[in-house]
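J.:
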Amino acid sequence: MTMTPTPTIPGEPVRFVASDGVPTAAGEAHGIDLDLARTLHRDMVLARRLDHEALALQRQGELGLWLMSWGQEAAQAGSVRALRDGDHVFPSYREHVAALVRGLTPAEILAQWRGTVHGAWDPAEHRFHINSLVLGSQTLHATGYAAGIALDGTDEVVAVYFGDGAASQGDVNEAFNWAAAAALPVLFVCQNNQWAISTPTTRQMGTPVHRRAAGFGVHSRLVDGNDALAVHAVTRAAVEHVRSGAGPALVEAVTYRRAGHSTSDDPGRYRESGEDAVWAQRDPIARLRTLLEARGTDAEVFAALAAEADELAVEVRRACRALPEPDLADLFGHAYARPHAQVEADRRTFLTHRAQLAEVGP
Ligand SMILES: Cc1ncc(C[n+]2csc(CCOP(=O)(O)OP(=O)(O)O)c2C)c(N)n1
26 MTMTPTPTIP GEPVRFVASD GVPTAAGEAH GIDLDLARTL HRDMVLARRL DHEALALQRQ
86 GELGLWLMSW GQEAAQAGSV RALRDGDHVF PSYREHVAAL VRGLTPAEIL AQWRGTVHGA
146 WDPAEHRFHI NSLVLGSQTL HATGYAAGIA LDGTDEVVAV YFGDGAASQG DVNEAFNWAA
206 AAALPVLFVC QNNQWAISTP TTRQMGTPVH RRAAGFGVHS RLVDGNDALA VHAVTRAAVE
266 HVRSGAGPAL VEAVTYRRAG HSTSDDPGRY RESGEDAVWA QRDPIARLRT LLEARGTDAE
326 VFAALAAEAD ELAVEVRRAC RALPEPDLAD LFGHAYARPH AQVEADRRTF LTHRAQLAEV
386 GP
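Per my numbering: the sequence shown = residues 26 to 387.
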């Protein structure tokens, strides 16, 4: 049996550019920033190419797993571009678009999914923390981190990404509560992509996420998550609210996960066949391209971007295959913060066996 989610979100999301690429009255009133539109369009085109290449690499056996972000590019690029470089990002596991915009390399983004490392980048360098696969746990990590920042007295903001399904977790609700109670500098970004694997939003919430967050005292907004310019504007206003010391804010971006949940999932088992066609018409990249073309961006700009995406694709494949194989002995290195006698004994046993096997030969 398949179930199609019907829109359950009361209140109109903020929208600046309609699905057909034409600015809305709200967009015209706010003003359409063409430089920003070009930047976000480029972000999204490159990120989608990374996504498609990574999916292909998984199918070729080069990655163990990949979680596709196809369709969610505006929700991520628009929101992450509204932050300052000095702000912090706590991702879930699907934020490859945000990661790429933040300057992480394809190798850093892919390594965990190739299984060569547990965490491939330095969170301090990019202010982009490691992926969290335990649903919603990152919202508490971010809230705790923000508590530390509040003690330091800086004006940095901690942004944390999570999904509609994760919002059903106790962790997320605890994070809302503590962030609001202590007026912590947290920006919650909920990508409501309509599905939590095979569970549609209609089956797991009586009240939408932004309303629940508001009930905890979190300043909350709803935005069309496939409209990069609206996401950027709404997030920027939310970030200003947080940075001013007024407490946490939440942006619920209504979007759609166009691919499967992961490379281990077959959405054809639970979705209506026509569903993607509906969301294809709301595609975030096509929408901005239509707008840019209508406002006079030359065809050469798009051709140059296509060439840049081709170069990125080559780099993604090269970087993936060049990732160094991990040393199995590393397994013993990440269990405890301080050396542990039993783990050290296990490591020695492993090294002894490995040396013996090497002497025997293949
Ligand atoms: C605590 C916990 N429970 C269950 C899971 C299994 N699980 C992984 S992804 C997922 C659905 C998450 O949906 P959502 O939060 O909407 O994010 P999306 O994957 O759609 O981006 C579930 C149930 C998990 N990883 N962690």
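Beta carbons: idealized from backbone N, C-alpha and C, even for Gly. A quick note: this is a predicted structure, and the numbers were derived from the prediction, not measured.
What is the DSSP secondary structure of Ser186, counted as helix, strand or coil?
T.: Along the sequence shown, read from residue 1 onward, the residue named residue 186 stands at position 161. Here residue 186 turns out to be Tyr, not Ser, going by the sequence shown. Residue state, collapsed to three classes: strand.
J.: Does the distance between the C-beta of Ala100 and the nearest non-hydrogen atom of ligand 1 fall short of 7 Å?
T.: For the purposes of this step, residue 100 is taken as the residue at position 75 of the sequence shown. Every heavy atom of ligand 1 is 7 Å or more from the Cβ of Ala100, so no.
J.: Say the cut is 7 Å; is the CB of Leu90 nearer than that to a heavy atom of ligand 1?
T.: Here residue 90 corresponds to residue number 65 of the sequence shown, with the count starting at 1. Outside the cutoff, so no.
J.: Between the Cα of Gly188 and those of Ser162, Ala204 and Asp180, spot the shortest distance and give me the residue it belongs to.
T.: Counted from its first residue, the sequence shown places residue 188 at position 163. Considering only alpha carbons, the answer is Ser162.
J.: Under 7 Å Cβ to Cβ from Trp91, same chain only, skipping five residues before and after it: list those, please.
T.: Here residue 91 refers to the residue found at position 66 when the sequence shown is read from its first residue. Answer for Trp91: Ala79, Leu80, Gln83, Trp138, Ser287 and Thr288, listed in chain order.
J.: What is the C-beta distance between Gln229 and Ser193, in whole angstroms, given that I count them as a contact (C-beta under 8 Å)?
T.: Within the sequence shown, numbered from 1, the residue matching residue 229 stands at position 204. Within the sequence shown, numbered from 1, the residue matching residue 193 stands at position 168. Indeed they touch by this definition, with Cβ atoms about 5 Å apart.
J.: For Ser245, count the other beta carbons within 10 Å of its own beta carbon; 16 or more makes it buried, fewer makes it exposed. Which is it?
T.: Numbered from 1 along the sequence shown, position 220 holds the residue referred to as residue 245. It is buried - the Cβ of Ser245 has at least 16 other Cβ atoms within 10 Å.
J.: Can you give me the Cβ contacts of Val385 inside the same chain, cut-off strictly under 6 Å, excluding the 5 residues immediately before and after it?
T.: Mapped onto the sequence shown, residue 385 falls at position 360. The answer is none, since no qualifying residue turns up.
J.: Does the separation of the CB atoms of Gln101 and Val122 fall below 8 Å?
T.: Taking the sequence shown and counting its residues from 1, the one referred to as residue 101 is at position 76. Taking the sequence shown and counting its residues from 1, the one referred to as residue 122 is at position 97. The answer is yes: Cβ separation under 8 Å.
J.: Out of Phe201, Val197 and Ala208, point me to the one whose CA is closest to Ala175's CA.
T.: Taking the sequence shown and counting its residues from 1, the one referred to as residue 175 is at position 150. Here the closest residue by C-alpha is Ala208.
J.: With distance defined between alpha-carbon atoms, name the residue in Leu59, Asp45 and Gly103 nearest to Gly250.
T.: Within the sequence shown, numbered from 1, the residue matching residue 250 stands at position 225. Of Leu59, Asp45 and Gly103, the residue nearest in Cα terms is Gly103.
J.: Return yes when the C-beta of Ile155 is under 7 Å from any heavy atom of ligand 1, and no when it is not.
T.: The sequence position of residue 155 within the sequence shown is 130, counting from 1. Result no, Cβ not under 7 Å from ligand 1.
J.: Which residue from Ala171, Asp196, Ala136 and Gly240 puts its Cα closest to that of Arg152?
T.: Position 127 of the sequence shown, counted from the first residue, corresponds to residue 152. The shortest Cα separation from Arg152 among Ala171, Asp196, Ala136 and Gly240 belongs to Ala171.
J.: Apart from the five residues just before and just after Thr141, which ones in its own chain have a Cβ nearer than 8 Å to its Cβ?
T.: Start at 1 with the first residue of the sequence shown, and residue 141 comes out as number 116. Counting only Cβ-Cβ distances below 8 Å, and skipping sequence neighbours, we find Leu348, Pro349, Glu350 and Pro351.
J.: Apart from the five residues on each side of it in sequence, which residues of its chain come closer than 6 Å, Cβ to Cβ, to Gly242?
T.: Reading the sequence shown from its first residue, position 217 is the one you call residue 242. Counting only Cβ-Cβ distances below 6 Å, and skipping sequence neighbours, we find Ala205.
J.: Within the same chain, show all residues whose beta-carbon is closer than 6 Å to that of Gly190, passing over the 5 residues directly before and after it, in chain order.
T.: Walking along the sequence shown from the start, residue 190 turns up at place 165. Same-chain partners within the cutoff: Ala221.
J.: By DSSP, does Ser269 sit in helix, in strand, or in coil?
T.: Here residue 269 corresponds to residue number 244 of the sequence shown, with the count starting at 1. Ser269: coil per DSSP, three-state reduction.
J.: Nearest to Ala311 by CA position, among Arg127, Asp45, Thr260 and Leu129, is which residue?
T.: By 1-based counting over the sequence shown, the position of residue 311 is 286. Per the Cα distances, Asp45.
J.: Taking the beta strand (DSSP E) that Glu277 belongs to, which residues open and close that run?
T.: On the sequence shown, position 252 is the one that residue 277 refers to. Per DSSP, Glu277 belongs to the beta strand (DSSP E) from Ala274 to Val279.
J.: Ends of the alpha helix (DSSP H) at Asn198?
T.: Here the question's residue 198 lines up with position 173 in the sequence shown. Element bounds for Asn198: Gly195 to Ala206.
J.: Would you tell me roughly how many angstroms separate the C-alpha atoms of Arg363 and Asn202, rounded to the nearest one?
T.: Here residue 363 corresponds to residue number 338 of the sequence shown, with the count starting at 1. Here residue 202 corresponds to residue number 177 of the sequence shown, with the count starting at 1. Near 33 Å, if we compare the C-alpha coordinates of Asn202 and Arg363.
J.: Under 8 Å, with one C-beta from each stretch per pair, do the region 365 to 377 and the region 336 to 347 reach the 3-pair mark?
T.: In short, these stretches do not touch, since the Cβ pair count stays below three.
J.: What are the residues that DSSP puts in a beta bridge with Ala221?
T.: Counting from 1 along the sequence shown, the entry for residue 221 is found at position 196. Thr224, per the DSSP bridge assignment.
J.: Mind checking whether the beta-carbon of Leu160 lies closer than 7 Å to any heavy atom of ligand 1?
T.: Here residue 160 refers to the residue found at position 135 when the sequence shown is read from its first residue. Yes.
J.: Here's the rule I'm using: 16 or more other beta-carbon atoms within 10 Å means buried, otherwise exposed. How should Val259 be labelled?
T.: To locate residue 259, count along the sequence shown from 1; it is residue 234. By the neighbour-count rule (16 or more Cβ atoms within 10 Å), Val259 is buried.
J.: Check the C-beta distance from Val39 over to Ala51 and give it rounded, since I have them as a contact under 8 Å.
T.: Counted from its first residue, the sequence shown places residue 39 at position 14. Counted from its first residue, the sequence shown places residue 51 at position 26. About 7 Å; that satisfies the 8 Å criterion.
J.: Could you check what DSSP says for Gln229 in three-state terms: helix, strand or coil?
T.: Locating residue 229 in the sequence shown gives position 204, where the first residue counts as 1. DSSP places Gln229 in coil when its eight states are reduced to three.
J.: Tell me whether Val42 sits in a helix, a strand or coil according to DSSP, three-state version.
T.: Stepping through the sequence shown from its first residue, residue 42 is reached at position 17. Strand, per DSSP.
J.: Out of His143, Pro233, Ser298 and Ala338, which one is the CA nearest neighbour of Gly358?
T.: Within the sequence shown, the letter at position 333 stands for residue 358. The candidate whose alpha carbon is nearest that of Gly358 is His143.
J.: Answer with yes or no whether the minimum CB distance from Asp110 to chain D is below 8 Å.
T.: Given the protein chain composition of this structure (a single chain), no chain D is represented.
J.: Could you pull the start and end residues of the beta strand (DSSP E) that Arg246 belongs to?
T.: Along the sequence shown, read from residue 1 onward, the residue named residue 246 stands at position 221. Here the beta strand (DSSP E) through Arg246 covers His244 to Asp249.
J.: Is Gln216 helix, strand or coil when you go by DSSP?
T.: Counting from one through the sequence shown, the residue named residue 216 turns up at place 191. It is a strand residue.
J.: DSSP three-state call for Pro131: helix, strand or coil?
T.: Taking the sequence shown and counting its residues from 1, the one referred to as residue 131 is at position 106. Three-state result, Pro131: helix.
J.: Cβ-heavy atom distance between Phe187 and ligand 3 below 7 Å?
T.: This structure lacks ligand 3; its bound ligands are ligand 1.
J.: If you measure between the beta carbons of Trp95 and Arg73, is that distance less than 8 Å?
T.: To locate residue 95, count along the sequence shown from 1; it is residue 70. To locate residue 73, count along the sequence shown from 1; it is residue 48. Contact flag set, yes.
J.: Examine ligand 1 and report whether any of its heavy atoms sits within less than 7 Å of the Cβ of Asn251.
T.: Indexing the sequence shown from 1 puts residue 251 at position 226. Every heavy atom of ligand 1 is 7 Å or more from the Cβ of Asn251, so no.
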